[in-house]
Each structure stands twice: as C-alpha cells, then as structure tokens.
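Note that the protein sequences, when read in sequence, are chains A and B.
If you read the first sequence in the numbering used here, its first letter stands for residue 1, the second for the next number, and so on.
If you read the second sequence in the numbering used here, its first letter stands for residue 397, the second for the next number, and so on.
Cβ coordinates follow ideal geometry from the N, Cα and C atoms, glycine included.
Okay, structure first, notes after.
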Amino acid sequence: MILPGTPFHPRTSDLCQPHNWRRWGKYIVAGSYELSPEREYWAIRNSAGLLDTSPLNKYIFQGKDATRVVNRIITRDVNKCAVGQVMYTTWCDENGKVIDDGTVHRVEENLFFVTSADPNYRWFCENANGFDVTLQDVSDTTAALALQGPNARKILQTLARAEMDSLRYFSVMPNHLREIPIMLSRTGYTGDLGYEIWMENKYALDVWDLLMEVGDAYGITPIGILALDIARVEAGLMLIETDYTSVRKAVIPDQMSSPYELGLGWTVALDKENFVGKRALVQENRRAPEWRFVGIEIEWDSLEEIYARKNLHPHLPLQTVRESVPLYDGDNQIGYVSSRCWSPLLKKYIALAHLRAPYFEIGSRVEMEVTVEHERQRARAVVGKTPFYNPERKRK
Amino acid sequence: MPSYDTLIIGGGHNGLVNAAYLARAGKKVLVLEKRHLVGGAAVTEEIYPGFKFTEFSYVVSLLRPEIVRDLNLPAHGLEILPLPSTFTPMLNGDYIAFWDDHEETHNEIARHSRKDADAYDEYGRLMYHMAKAVRPIIGMIPPDPTSLSPNDLRGMLKMGMHMRGLGEEKFYQLFKLMTMSSGDYLDEWFETDALKGTKAASGIIGTFMGPRSPGTAYVLLHHYMGEIDGAFRAWGFAKGGTGGISNSIANAARSFGAEIRCNAGVAHVIVKNGRAVGVALDNGDEIYANVIVSSLDPKRTFLKLIDEKELPNDFVNDIKRYKTRGSSGKVNLALDALPNFTAIPKKEMVMQTLRGAISISPSVEYLERAYDDAKYGNFSQRPYMDMIIPSLIDPGMAPPGKHVMSIFVQYAPYNLNGGWNNEQRDAFGDAVIDTLSQFAPNLKEIILHRQVLTPWDIEQITGLTEGNIFAGELALHQLFFLRPSPQWANYRTPLHNFYQCGSGTHPGGGIMGAGGRLAAMEILKDSK
Numbered sequence: 001m002i003l004p005g006t007p008f009h010p011r012t013s014d015l016c017q018p019h020n021w022r023r024w025g026k027y028i029v030a031g032s033y034e035l036s037p038e039r040e041y042w043a044i045r046n047s048a049g050l051l052d053t054s055p056l057n058k059y060i061f062q063g064k065d066a067t068r069v070v071n072r073i074i075t076r077d078v079n080k081c082a083v084g085q086v087m088y089t090t091w092c093d094e095n096g097k098v099i100d101d102g103t104v105h106r107v108e109e110n111l112f113f114v115t116s117a118d119p120n121y122r123w124f125c126e127n128a129n130g131f132d133v134t135l136q137d138v139s140d141t142t143a144a145l146a147l148q149g150p151n152a153r154k155i156l157q158t159l160a161r162a163e164m165d166s167l168r169y170f171s172v173m174p175n176h177l178r179e180i181p182i183m184l185s186r187t188g189y190t191g192d193l194g195y196e197i198w199m200e201n202k203y204a205l206d207v208w209d210l211l212m213e214v215g216d217a218y219g220i221t222p223i224g225i226l227a228l229d230i231a232r233v234e235a236g237l238m239l240i241e242t243d244y245t246s247v248r249k250a251v252i253p254d255q256m257s258s259p260y261e262l263g264l265g266w267t268v269a270l271d272k273e274n275f276v277g278k279r280a281l282v283q284e285n286r287r288a289p290e291w292r293f294v295g296i297e298i299e300w301d302s303l304e305e306i307y308a309r310k311n312l313h314p315h316l317p318l319q320t321v322r323e324s325v326p327l328y329d330g331d332n333q334i335g336y337v338s339s340r341c342w343s344p345l346l347k348k349y350i351a352l353a354h355l356r357a358p359y360f361e362i363g364s365r366v367e368m369e370v371t372v373e374h375e376r377q378r379a380r381a382v383v384g385k386t387p388f389y390n391p392e393r394k395r396k
Numbered sequence: 397m398p399s400y401d402t403l404i405i406g407g408g409h410n411g412l413v414n415a416a417y418l419a420r421a422g423k424k425v426l427v428l429e430k431r432h433l434v435g436g437a438a439v440t441e442e443i444y445p446g447f448k449f450t451e452f453s454y455v456v457s458l459l460r461p462e463i464v465r466d467l468n469l470p471a472h473g474l475e476i477l478p479l480p481s482t483f484t485p486m487l488n489g490d491y492i493a494f495w496d497d498h499e500e501t502h503n504e505i506a507r508h509s510r511k512d513a514d515a516y517d518e519y520g521r522l523m524y525h526m527a528k529a530v531r532p533i534i535g536m537i538p539p540d541p542t543s544l545s546p547n548d549l550r551g552m553l554k555m556g557m558h559m560r561g562l563g564e565e566k567f568y569q570l571f572k573l574m575t576m577s578s579g580d581y582l583d584e585w586f587e588t589d590a591l592k593g594t595k596a597a598s599g600i601i602g603t604f605m606g607p608r609s610p611g612t613a614y615v616l617l618h619h620y621m622g623e624i625d626g627a628f629r630a631w632g633f634a635k636g637g638t639g640g641i642s643n644s645i646a647n648a649a650r651s652f653g654a655e656i657r658c659n660a661g662v663a664h665v666i667v668k669n670g671r672a673v674g675v676a677l678d679n680g681d682e683i684y685a686n687v688i689v690s691s692l693d694p695k696r697t698f699l700k701l702i703d704e705k706e707l708p709n710d711f712v713n714d715i716k717r718y719k720t721r722g723s724s725g726k727v728n729l730a731l732d733a734l735p736n737f738t739a740i741p742k743k744e745m746v747m748q749t750l751r752g753a754i755s756i757s758p759s760v761e762y763l764e765r766a767y768d769d770a771k772y773g774n775f776s777q778r779p780y781m782d783m784i785i786p787s788l789i790d791p792g793m794a795p796p797g798k799h800v801m802s803i804f805v806q807y808a809p810y811n812l813n814g815g816w817n818n819e820q821r822d823a824f825g826d827a828v829i830d831t832l833s834q835f836a837p838n839l840k841e842i843i844l845h846r847q848v849l850t851p852w853d854i855e856q857i858t859g860l861t862e863g864n865i866f867a868g869e870l871a872l873h874q875l876f877f878l879r880p881s882p883q884w885a886n887y888r889t890p891l892h893n894f895y896q897c898g899s900g901t902h903p904g905g906g907i908m909g910a911g912g913r914l915a916a917m918e919i920l921k922d923s924k
C-alpha cells in the first residue's frame, strides 16, 4: 500500500526536491525540501519556516463534563487553564507511567482541543465512560501547519482578520486568514516565536497558498522534519519513541518512564482531584528520582583530541541522530543519549540524555561514546541547562 | 599613572578580538574607534532608509573557530547563515553553477565537461589536503628564520617537521601553489573557461595582480582554508551583514569588561624614552596605558601615528615598501525587485540561484583583460564582480519585498589616472551597472539607490591605506615571517610596549580575527 500524503501533499510534493519522504503516523511528510536541511533550519531561527504537522492526532472534548474528563486524563490541572489558554501536558497509566504527551487547548469553557503524538482515542473514550461528554477524533479532517520563526507574527498579521498581536505564548484563538476560518495557537515544537494553524482539510491548500504568497517578502520557507529535529533538540524538547517509550509500547519495566524521570515533574499536579496514575505518582514523588532527562554539551577540545588520533577533524552530526549512545563515568555506564546534533546556531555539539542520580545535576561531568573510524572512543561532556537555545522572542 | 593596562587603536574586528582576549585575561582595556560605529571594514550601515548595506566586506569564511568558541560569539549574537552556491553567467547565455551538494555540482560541471567534473573531485581533495597542511601555520606565531632564540628555533623546527610530514607529492603540489599563477595552476586541471574563471577569481580578490600573475595560486588556497573546518566552518553570510560579526565580538569584549569608545580617533602615539606610553586623540585628549596596540594597517600605524624618528630606519623603509595597492571597489544597491538574470534557465531555479553568490568571471581571459585596464591606471571597463543579495539570505536587510545587492568589483586602482573624483566615481559605477545589465537586463529599472565606493572612498571611510581590503597584499613576500616586516612578524614592534594586531600582521586579511588573537597571546606572555 502506498502511504497517503496529507491535505498539503499537492503542494509539498511539488517542492520536495530530494523525495525524502518520512513516515509520520499514517501519512508521509517531507524530510526536507532541499537536499540539505540547513537553510530550512535557519529559516526557523531567522525568518519563518512552514511545517506540515497534519499527521498529529487531534481530538475534541465537548460537553458539560468535558473539563472533568480532561482533568481525569492529564497530569496537569486543567482548572488552571483559562479559556483561550493552551497547556502542554503528559498523561499516564494507573502506574504513573507516561502514555503520551501533547497539548490541551481550552477553546471554550467546556470545549477542549487536544493534540497527541500517538492515537489515543480508545484511551480517552475509556476514561469518559459515564460522563456527559462527546469525544471526536478529528485527526483526519483537521489539517495543521506550524509557522515558526521571528517573522511568523508579521506574516500572520497581514492575513489575520481578528487582531492577533496580543496572542500570548501558549494561547489559542479562533480567527480567519482573509476569509478562511482557522484556529490559531501560539505554540510549536521549535523553541522559537511561532504559531500553529488548525483548519478543516478543505481549506488546507488555500491557507498554504496564502501563507506562501504573503510570506515571500518575509523569507517564508517550507521546512521538513529534518530541520525541525535540530530545532527541537536545541529547544530541549523530547520526542516520543526516540527520547522515551510510551508505556503502551514498553515490553519491560525499564522501558517505562514516569513524568518525574523525564524531567516533567512540573506537569504533575498532585494537589488536584483524582486522575489516572495519581496514587502511583504521589508515592514516587516521595522518593528521590533515579533518572532524569537532561541536556549535555560535548566538549570540543575532547572531540578534537579523539579525532586527531586518526588525523581527522571532528565529524559532527549535521542532522539529529535518533539513536541511543552510552554515557559513562569511568567504567560505569550511568545513562544514555537519545538524541544528538550539531547546533548550527550555538556552534556546539548538543544532546538530550537520560542520566542516573547524581549525575543528572547541572555541571556534572560525564563521557559519551563516540565512534571514530569504527573504534569506540569517549568524549568529555557536561550536563547543561535546557533549552540550549531560548530566544526572548519566543514569549514576547 | 596610566588609567588602562591596554589601549587598542582601531575598533575593527581584529582590534575587538584583541580587546576581548585581553579583557578576558583580566586586563583593563580601552578600544578607540574613530568612527561612530565599530567594525572597521566589517560594518553594516543603513545608507538609504530601510536598506542595510554590508558596506565593505560582505561574506565570511575564515573567522577562526577557536575565537567563536573562546569568546562564545553565538551567545553574543553571531549567526552565520548559509550561502549555498556560486552561479556564473556566461557570455553565450549559458551558466555554470557550484551547488552545496557534491553530486549536483558534479552533474552541473559534467554538462560542460565530463573530464572537468571528475577533475573537480580530485582537485577538491587536493585542496583539502593543502589547506590542512597550511592551516596550522595560521594559528602559529611566525618564527623568525634568522633568529637563534629558542622560541624561533622551536617554531622553525615545528614547521620543518610539519612540512616533512606532508610527503613528497603533496609537498610538490604545495610548492606549485606557492609559486604559480592561479590561471596556470587551473589550466593544469580544467578545460572549461567559466569554471577556471570563477575559481581563478578567488586567487585575485584584493590583490593588484591578474590571474596570470605568479603567486596568485596561493590566494586560492587562502580562500580554501575556511572549508576545512567542516561543520564548524564559519562560511556564509552573517546575520545583519558583517557588522553583525563586529557587534558580536564587541559585545563579547564588553561582557569581559572592555571599554569601547567610538568617535575617538587617535592623532598620534605618545612616545617617551623609546617607549609607547599613551595616545593623543584628535580632540587633544591624552590617554595613558602600559601597553598600546594598533589594529590599523602597518603604513597607517608606523608612518602616520608615530614619529619616524622613534623607529629604526630600515624598519621604516620596509614599511614604506610594504605593498598596499588598492585594487577593488564596492557597489551597494537598494533594489525595488529582484534582478532577472537571463542565464537562469528555469523559473524554479531563480530563488535557489539568487540566494547564493553570483560571479561575473566568464573566463580567465576576461579577468586578465580586466586587470589590463588597471595595470595602466584605469578601472576595468568590464570588471570582475562577486555579488550577493543579502536580503534573500537575511530578510531583515531590506523592507519586505525589497532587496539589497552587494557587488564587489575588481579592478579599480587606487592610483587612477587623473585621480578619483565624483565624475570618475560615477563612471566607475556606470561601468559596473552596464556590465551587469548585460546579464540582468532589468537592473537599471529596479535601482532605488546606489552607493559606489572606490578604493579612495574605502581609505577615507575605514582608514585602510590605499583602500587595500587586506591591509596589505597577500603576496608571498608579505606573508608569514615577512608580514609586515622581517623580524617584526610576532606582533611586537621596534617600539617598546607597542604591538600590532591588524590584518597587516600574520596570517593576514579576511574576517579571521587570527591577528587579534595571536597578538593578545603575545601581549599576555610579555606581561607576565
């Protein structure tokens, strides 16, 4: 079976020079539009990158009990989410292990728009039993674009019918681009100033064309998954299946993670009413966590030394490498890197990693395995703060 | 009582790098810049409202990675955006392009010559090895081959070992590169005129030599050096123009505590008992310090700021003979729309092409003829040009939908027959626009504003003697332990407490910062 394209495919397929389609959910999306993703990456940081995010799973919770149902599922307290606000959150199973992460948009008092990486319809339905709520899976009928970068706002301002200058970070509003009804949220996966545009499939091509036309003067650039993958590592954002395994797919306990172990303790509201996994998380919160998800920087001098032994210059991952690499303290393996890349902007080799206590503290020194000419070497690295890159404009 | 440890004359990129390193080591540093902004020849100015011109220098390929790391320049605003290709329109309406993708470039060259396409791979590998061989020299304090001091001997030994390590074949190639003309060297490799013209062009940039002049092959290599750092390569267009680079270095310097004063031109260096003790500013103020560093070019430094009597005669004569012949100009345009280069065959290729460099270098002969004009004191009627459209790389350089174009033009001799004046400047600008219009016919209609900079203008504005963009030609007799003068290539000068750190010192021009860094290390060594 040939995998289907998204509603934007008629446009993106004309532009995708390398034909490096990537599988995302049941769809394919462009890996990059040019042979190298470099310029697309820089569009995110310097002008505006346009990304097709339609394969995300999308759900609508509506009805008298919608708030209660959402609050039962997610770990954050949705009562603290005002209408027009968006919350990033995880949700867990009964044992407090993470199923998925996503965003909850409170569009109206009792209307929520929820996005997730994996399909969650069954899980959501099971938790809505007996409540006055209707749950819709709108994944296949709702197209989505992310417009990310310093010029994103200027482009949307010229098109949006309702004033959107004041739309704050992690907020959402209904709006129109010219005549086309959309939902506009100030969210994204790049750690930059950016927006996501949600629309019915039938409007997809018109919205794409409008943005490309108006955005031209602002350097709008279609971007693929490869450019996004660099930006999200710089932003310290984790990716399911790469940086953690959903408890639903875990085969052994070691593959399961609690929000605390993923550095997402801040998304767990233990003080709110009952929610799935609360009992286990209350207990876990009493213990000191064994693991944490952190950022590390690999030291340049150390890399240079390792490569110089082979009379080579350091070879750097110009695209994010999604593979596990061990981290050591002396002879002990103390963790692993799950995503790593060369940051073109910071000019640093950075990685997202899982480390055991006490090595996960900031400033802690570790060693990462590096393979040079088929030989295993170790490079010095240090635990740093994430996001690695956090421009003011993201929130301003 | 001196108020500063170090005074640095000139806020160009080397002066700023020097200041940053010294301040980082705890020195109390003051940078004195005569203009209203820092950067020297690496400045961005809004000459026409809403349009930012990267006025003189326009791309960066050689900025030393260790400087980017040591000073953490990205944290201070340095962003280097990719400049992915070079496009050369040909006189017959065709073109040759060099893309950032190896296979694509191979296919493109093969369209002209299959042999050249294969040779290009081999040539690239050889240049890589050559650049790798020469690169350590860039980071080295030049040893004096006539000196018996342990430091110099160690340096010479290190170099000797390094050269022996190259192996026979590479050593011969290196020797060829050091002595041949870029035109002759390229003839050994390729047959396509536009390919040779475009490659030869990087061997003549900033020199008063033609592609058939011996010694130009080395400059090819000089420009290859930036490639070797792979992903770390600082090659591209700096966000905000090259002024963005200067500002990031200035921000780094300030973060370490350095003070930078603009509108503070230095009239002369105050010398007492054979020692530099301070400077007198144009406004008459005097400032004293333990160490004075000049980042200006050697001629301006030693012949304008210091009384000749304070320096040894042979040194003064050396500096007088130091070659600073300006050979290039710059035209910056504010544009209402994009130029329509007719050689671009397909609409889909337009943006891909215009985002890179555009080179008017259809053949080695074309370049040599351009040089012929200059040899006899005229600007080239059909000049070599290297262009970029910065607004397509960084949209912030022009208002939405409008564009800026940066055109490097060679040759324009500093000593023009009859001298430069407004009429000559206009005629030079016209020659540039007329030549370009052959390739992009709509150009004249879309120009909103044009800034023409002759070598004379470059000298007037930046202070670079004769408008020489490298603060002294990158000719073999002016490199390494001979730059700017034998025995004084280690950033020290015959005057006590007085140092030099500009592009007129080893390893020379381009936005490298190496002189500023190496000088700082020597100053710190001496202050221990």
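At a beta-carbon threshold of 8 Å, the residues of chain B lying near A:Y218 are P791, P796, ordered along the chain.
Contact annotation: in the stretch 35-55 of chain A, residues whose CB is within less than 8 Å of a CB in chain B are L35, S36, E38, R39, W42, R45, N46, S47. Contact between B:H508 and B:L582 is ruled out by a C-beta separation of about 14 Å, above the 8 Å threshold. Between B:R531 and B:M605, the gap from beta carbon to beta carbon reaches 8 Å or more. Within chain B, the C-beta atoms nearer than 7 Å to that of A:L346 come from P470, in chain order. DSSP, reduced to helix, strand and coil, places A:L345 outside both helices and strands of the structure shown, so it counts as coil. With the criterion set as a beta carbon lying under 9 Å from some beta carbon of chain B, the stretch 117-133 of chain A has no members that meet it. Chain B has a Cβ within less than 8 Å of the Cβ of A:N151. At a Cβ-Cβ threshold of 8 Å, A:V83 and A:F112 do not count as neighbours. A distance below 8 Å separates the beta carbons of A:Y33 and A:G224. Closest by C-alpha distance to B:H799, out of B:V673, B:P541, B:L788, B:P809, is B:L788. Chain order gives no chain B residues near A:W208, where near means a beta carbon separation below 7 Å; the closest approach is about 17 Å. Boundaries for A:C92: no alpha helix (DSSP H) harbours it, while the beta strand (DSSP E) harbouring it runs 86-92, taken from the DSSP string. CA-to-CA, the gap between A:Q255 and A:E290 works out to about 14 Å. For B:E565, no beta strand (DSSP E) segment is defined; the enclosing uninterrupted segment is the alpha helix (DSSP H) at 564-575. Going by DSSP, B:V662 is part of no alpha helix (DSSP H) but of the beta strand (DSSP E) stretching over 662-668. Listed along chain A are W300, K347, each with a C-beta nearer than 8 Å to that of B:R465. Put simply, the stretch 366-386 of chain A does not touch the stretch 158-176 of chain A. Fewer than three CB pairs are less than 8 Å apart.
Contacts with chain A at 8 Å (Cβ-Cβ) do not include B:L412. For B:P478, a Cβ of chain A is located within less than 8 Å of the residue's own Cβ.
In summary, the residues of the stretch 483-506 of chain B whose CB is separated from some CB of chain A by less than 9 Å are W495, D496, D497, E499, E500, in the order they occur in the chain. Taking the C-beta atoms as reference points, B:P880 is found nearer than 8 Å to B:I715. CA-to-CA, the gap between A:T141 and B:P791 works out to about 35 Å.
Per DSSP, the beta-bridge partners of A:I60 are A:F113, A:Q136. Contacts with chain A at 8 Å (Cβ-Cβ) include B:E475.
A distance below 8 Å between beta-carbons, with the five flanking residues on each side excluded, links B:N893 to the following residues of its chain, in chain order: R671, A672, V673, N686, V687, I688. Exclusion of the five residues before and after A:H315 leaves no residue of its chain whose Cβ lies closer than 6 Å to its Cβ. Distance from the CA atom of B:L469 to the CA atom of B:K511, rounded to whole angstroms, is 43 Å.
In the pairwise beta carbon analysis, the stretch 300-309 of chain A is classified as not touching the stretch 15-28 of chain A: fewer than three pairs are separated by under 8 Å. The stretch 273-339 of chain A is shown to contain whole beta strand (DSSP E) runs of 3 or more residues at 291-298, 325-329, in chain order.
Pairing A:A227 with A:I44 gives a Cβ-Cβ distance under 8 Å. Per the Cβ contact rule, the stretch 326-335 of chain A is in contact with the stretch 354-361 of chain A (3 or more Cβ pairs under 8 Å).
Sequence-ordered contacts of the stretch 535-568 of chain B with chain A are nonexistent [C-beta pairs closer than 9 Å]. Cβ-Cβ distances below 7 Å link B:T697 to S690, Q896 in the same chain, with the five nearest sequence neighbours on each side left out; the list follows chain order.
Interface with chain A (8 Å Cβ-Cβ cutoff): B:K448 is excluded. For B:K635, the C-beta contacts it makes with chain A under 8 Å involve N46, in order along the chain.
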